[in-house]
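Heads up: the sequence shown begins at 1 in my numbering, then just goes up one per residue. Notes to accompany the following structure.
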Amino acid sequence: MTRTTKGFTLLELAIVMAVIGMLLLVSGPSMSSLLQTLEYRETVRQLVSANQQARRTARATGDAIDVVIDAGQNRFVVTREAARVVAEDYTALAEGLDIEVVFAEEVSPGKGMAAIRYYPEGGASGGEVLIRRPSGGGVRLTVDWLIGDIQQEPL
Numbered sequence: 001m002t003r004t005t006k007g008f009t010l011l012e013l014a015i016v017m018a019v020i021g022m023l024l025l026v027s028g029p030s031m032s033s034l035l036q037t038l039e040y041r042e043t044v045r046q047l048v049s050a051n052q053q054a055r056r057t058a059r060a061t062g063d064a065i066d067v068v069i070d071a072g073q074n075r076f077v078v079t080r081e082a083a084r085v086v087a088e089d090y091t092a093l094a095e096g097l098d099i100e101v102v103f104a105e106e107v108s109p110g111k112g113m114a115a116i117r118y119y120p121e122g123g124a125s126g127g128e129v130l131i132r133r134p135s136g137g138g139v140r141l142t143v144d145w146l147i148g149d150i151q152q153e154p155l
C-alpha cells in the first residue's frame, strides 16, 4: 500500500519563506525609489495642471486668477482672491521635494507666499517654479508673462 501525502513539508515551506524574504530585502530600496519618483511626478503634474486650469479659468470668466504657492509648506491653491485663502483651501504636495518660486512681488498675497497671476486677456505675471528631487535633478516650470504659456524643462 502506498501512502500519498498532500501538502508541503516544513523544509519546503522554510525554503520558500527564505526566498521571499531575500526578494523583499533586495526590492525594498527600489520600492522606496519608485515611491519617491511617483510623488515627484505627481507634484509636477499637479502644478502644471493647476497653472493650466488657472489660465483657462481667467480667460473664461474674465477674472484674474492666482496660483498661490507656499513653498515652505509644499502646498498650493488656485484662487480669485488670494487674500481670503484659508489653510483648508490648499492642496498638499509631496513633502521631500525642494520647491522654489521666482515670481512678481506685486502679486504675492503675503510674506513667504508666491503667486503667479493669469489675466483674462491671456497673459500672466510670469514666473518660474523649480522642483528639485532629494536624489538630484528636477524640473523647471516657466510661465511666460506675455501669453501665459507653461513650459517644462529638466534642471
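Glycine included, C-beta positions come from ideal geometry on N, C-alpha and C. The structure presented is a predicted model; accordingly, all values stated were derived computationally and were not measured.
Problem - Reference A71; option with closest CA among A83, T57, G110 - result: G110
Problem - R133 versus A115: straight-line alpha-carbon distance, rounded - result: 22 Å
Handout entry: Sub-8 Å separation of L155 and V143 beta-carbons
Key = no
Handout entry: Proximity below 8 Å, CB of T79 to CB of V85
Key = yes
Problem - Buried or exposed (CB count within 10 angstroms, at least 16 for buried), V67 - result: buried
Problem - Pick from A50, A18, E100, E121 that is closest to G112, judged by C-alpha positions - result: E100
Handout entry: Terminal residues of the beta strand (DSSP E) in which T79 lies
Key = 75-79
Problem - Straight-line Cα distance separating V102 from L146 - result: 16 Å
Handout entry: Inter-residue Cα distance where the pair is L10 and M22
Key = 18 Å
Problem - For D89 and V77, believed in contact at Cβ under 8 Å, the rounded distance - result: 5 Å
Practice task
Determine, using beta carbons only, whether P120 and A58 come nearer to each other than 8 Å.
Solution key: yes
Handout entry: Boundaries of the beta strand (DSSP E) in which I116 is found, first to last residue
Key = 114-118
Practice task
Compute the Euclidean distance between the alpha carbons of T37 and E95, then round it to the nearest angstrom.
Solution key: 13 Å
Handout entry: Rounded straight-line distance, which links the Cα of D98 to that of R55
Key = 25 Å
Handout entry: Beta-ladder partner(s) of R132, from DSSP
Key = D98, G138
Problem - Collapsed DSSP secondary structure at E121 in the structure displayed - result: coil
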